[in-house]
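Protein chains: 2
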Amino acid sequence: MSDLPGEFSLIARHFRPLAGPGALALGDDAAVFAPPPGRELVVAADAIVAGVHFLPGDPPDLIGRKLLRTNLSDLAAMGATPLGYLMTVSVPRGTPDAWFAGFAAGLAADQAEFGIFLLGGDTTSTPGPVSLSLTIIGHVAPGAALRRGGARAGDGLWVSGSIGDGALGLLAARGEIADPDGTLAGRYRLPQPRLALGQAVAGIAHAGMDVSDGLVQDTGHLCRAGAVGAVIEAASVPLSPAARAADRLALCLTGGDDYELLLAVPPASAAALAAAAARCGIPLTRIGGFVAGPPGVSVRNADGQPIVLSKAGWSHFEAQ
Amino acid sequence: MSDLPGEFSLIARHFRPLAGPGALALGDDAAVFAPPPGRELVVAADAIVAGVHFLPGDPPDLIGRKLLRTNLSDLAAMGATPLGYLMTVSVPRGTPDAWFAGFAAGLAADQAEFGIFLLGGDTTSTPGPVSLSLTIIGHVAPGAALRRGGARAGDGLWVSGSIGDGALGLLAARGEIADPDGTLAGRYRLPQPRLALGQAVAGIAHAGMDVSDGLVQDTGHLCRAGAVGAVIEAASVPLSPAARAADRLALCLTGGDDYELLLAVPPASAAALAAAAARCGIPLTRIGGFVAGPPGVSVRNADGQPIVLSKAGWSHFEAQ
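Chains as they are written, first to last, in this note's numbering: chain A, 4 to 323; chain B, 4 to 323.
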């Protein structure tokens, strides 16, 4: 009985080195850890599937990092500090050892970057495509989590970084648009969770979330949660030089995979917001505002005329 | 923008009613909850895939309940009290609404039975089979978790309930063996996590785990974790009347899906163990013991002769 079957050997080789304090070396039925005293826990889970959320040929290290980072972005959106994660990995039989090695190497790099550890999980086979699920655990001071509800008429609508690179990056990764220096594909494959910024603005913004399903659709979520309307001034939406060159404004406004923060901020807090952004080194741009009225988003051009979009955003369930 | 796309509508209809305190009605980027003061957290994650861990035609309510219960069994194995769970659901496009309704109804039934709530998750499409992942969160008193390591030579090897019904139940569910009253298939489809028993024995047993991958293989895990050997007396292994009638001892000893507790208990604690078992109303049977020597399991018949098994257990990654 001393021969470990393949599953256990695989876990020992590739995942045990990722295990942190409390994970019990992945050798027990569960991980045990003491939550930070006096803090609230923040937890989220996301699944990604080959052919739906990433390209089957994507480098496995980047798949691992994207899986982790999209979850870290959810913590950023709550103003939380990450602690660790659990992960389940379902792969076709015969997946080469090198795939696991690359996947784990990507996770290890991001664990070091974000100061987190693997707490547990499961590895199974599947007759279908690679399916990955990750649960992230973080913490905030009691009552300090940044929430989606809370936007008020008169608040400014602010967004971090630049919008549209992720959606354009998917096209670039597929070879459908030019991307001479790889900037766009890089943003699609390796999101930058805005953790420090989320923590810095949690006490300033009335409401916030991360932009993962498209700017317009996600603004709609803030509207519904706050029972307010919103206006987006399309000309104010920050675009990277690469996105400007691509000249696909509608896609930028509705594409997914931005992983920027979207915030409702009262005008009186604009200076505090700017100071927080400066401290974090991440630009924040006012792209519109919230208005009284039924929940809904209108997008206007530089002349104040409405821009009609055929699709508000991206649903991983409805559309590819 | 007020039309919710299908993913959000689906979540609102079927999963929001399952959300508990802290889940923020599944409307935020993450759940926020205060961990029970002074307790350690216990977390585990498992994935199940149609065609690997359950049959594609299984009733969706039982799939949901099995997913939850296999994770609850991991908490039982640690002596933990469950708190809540996160879940990701990847299903083929066109999965009927009735499937989701049944799946959620099963979860709702078990939430009521075990006093837990949904904290968050994700729903996506997949071009492959239904793939489900669940992260369970529970808690224990500091230092009180039951661990796999700790078995000592001289400890008795004890198991709860009966062994083999799950593995036989898979054959019964496939119509490969008789199961006149459905007992066996029922145990395959609806495991009984031994939560109360796990909590009751955590301070008594030297080591413990749940039997999910086969009695012999899982005993091997206790051996490796404790650096001891073990002897299983096959004639002592508790079999249900249905399993006795099936007369498939080797399968019972190596099949998976038992979700019983496997414990290393010093002889001096046998009375305390019996009292705990009686309080919980779950039988515990001594099926052998731990011995000095290299980690390994030998299985003996009633005459003390070794029984050679072609396969120690079940690995979800290696074999179906």
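Don't be surprised by glycine CBs; every beta carbon is placed ideally from N, CA and C.
Please tell me whether residue i has its Cβ less than 8 Å away from any Cβ of chain A.
i       : result
A129(B) : The displayed chain sequence assigns Thr, not Ala, to residue 129(B). Yes - at least one Cβ of chain A is within 8 Å of the one on T129(B).
L89(B)  : yes
N304(B) : no
E263(B) : no
D213(B) : yes
G2(B)   : Residue 2(B) cannot be examined here, being either before or after the span of chain B that is shown, 4 to 323.
E43(B)  : yes
D61(B)  : no
V234(B) : no
A148(B) : yes
D77(B)  : yes
V311(B) : no
Could you tell me which of the options sits nearest to residue i, measuring between CA atoms?
i       : options                               : result
L75(B)  : G97(B), A188(B) and L193(B)           : L193(B)
V294(B) : P309(B), A175(B), A233(B) and L266(B) : A233(B)
T129(B) : V52(A), D168(A) and F106(A)           : V52(A)
D216(A) : S301(B), R42(B) and D32(B)            : D32(B)
G124(A) : A253(A), L266(A), A34(A) and C226(A)  : A34(A)
L256(B) : P63(B), V311(B), G30(B) and G41(B)    : V311(B)
A238(A) : L252(A), A248(A), L225(A) and A245(A) : L252(A)
A107(B) : A15(B), A305(B) and A205(B)           : A15(B)
I166(B) : A271(B), F36(B), R247(B) and V231(B)  : R247(B)
Q202(B) : T84(B), A277(B), R303(B) and A26(B)   : T84(B)
G291(B) : A278(B), H17(B) and G307(B)           : G307(B)
P244(B) : L218(B), H224(B) and L187(B)          : L187(B)
N304(A) : A279(A), T288(A), P297(A) and I235(A) : I235(A)
D158(B) : A26(B), A80(B), G9(B) and T222(B)     : T222(B)
A50(A)  : A111(B), P99(B), L137(B) and T288(B)  : L137(B)
L13(B)  : L200(B), G172(B), A280(B) and T98(B)  : T98(B)
A80(B)  : D250(B), A249(B) and A210(B)          : A210(B)
Helix, strand or coil for residue i? Go by DSSP, reduced to three states.
i       : result
L71(A)  : helix
Y262(B) : coil
D6(B)   : Any reading at D6(B) must be qualified, since the residue scores a pLDDT of 33, below 50, and its modelled position is unreliable; no value is offered.
R219(A) : Checking the sequence, you will find Val at residue 219(A) rather than Arg. V219(A): helix per DSSP, three-state reduction.
P20(A)  : helix
L89(A)  : strand
E179(B) : coil
L27(A)  : helix
D49(A)  : strand
I139(A) : strand
S3(A)   : No answer is possible for residue 3(A): it lies beyond the span of chain A, which begins at 4 and ends at 323.
L193(A) : coil
D213(A) : strand
P270(A) : helix
R96(B)  : coil
L160(A) : strand
L149(A) : coil
G118(B) : coil
Assuming residue i and residue j form a contact by the criterion Cβ under 8 Å, report the distance between their Cβ atoms to the nearest whole angstrom.
i       : j       : result
G152(A) : A228(A) : 4 Å
F120(A) : G67(A)  : Not really, about 14 Å apart at Cβ, beyond 8 Å.
A208(B) : A273(B) : Actually they are not in contact, since the Cβ atoms of A208(B) and A273(B) sit about 11 Å apart, beyond 8 Å.
D64(B)  : G105(B) : 5 Å
V46(A)  : I140(A) : 5 Å
A37(A)  : G82(A)  : So it is not a contact: roughly 22 Å between Cβ atoms.
Check whether chain B comes within 8 Å of residue i, counting only Cβ atoms and requiring the distance to be less than that.
i       : result
G3(A)   : Residue 3(A) is absent from the structure shown; chain A starts at 4 and stops at 323.
F120(A) : no
V143(A) : yes
P132(A) : yes
S239(A) : no
A170(A) : no
T138(A) : yes
F36(A)  : yes
A253(A) : no
R151(A) : yes
S93(A)  : yes
D250(A) : no
S5(A)   : Interpretation of S5(A) is limited by its pLDDT of 30, a score under 50 that renders its predicted location unreliable; the figure taken from the coordinates is listed afterwards. Yes, its Cβ sits closer than 8 Å to a Cβ of chain B.
V52(A)  : yes
V46(A)  : yes
The ligand ATP and residue i: does the residue's C-beta get closer than 7 Å to at least one heavy atom of that ligand?
i       : result
L312(A) : In the structure on display, the ligand ATP does not appear, and there are no ligands present to speak of.
inquiry  = Three or more C-beta pairs under 8 Å: does that hold for the stretch 172 to 184 of chain B against the stretch 276 to 287 of chain B?
reply    = The stretch 172 to 184 of chain B vs the stretch 276 to 287 of chain B: no contact.
inquiry  = Would you call the stretch 58 to 75 of chain A in contact with the stretch 135 to 149 of chain B, where contact means no fewer than 3 C-beta pairs closer than 8 Å?
reply    = Fewer than three Cβ pairs drawn from the stretch 58 to 75 of chain A and the stretch 135 to 149 of chain B lie within less than 8 Å of each other, which leaves the two stretches out of contact.
ask   = Does the pairing of the stretch 257 to 274 of chain B with the stretch 191 to 210 of chain B give three or more beta-carbon distances under 8 Å?
value = Flag = yes, the stretch 257 to 274 of chain B and the stretch 191 to 210 of chain B touch.
query = With contact counted as at least three CB pairs below 8 Å, one residue from each stretch, are the stretch 91 to 105 of chain B and the stretch 199 to 216 of chain B in contact?
reply = Proximity of the stretch 91 to 105 of chain B to the stretch 199 to 216 of chain B falls short of the contact definition, fewer than three beta-carbon pairs being nearer than 8 Å.
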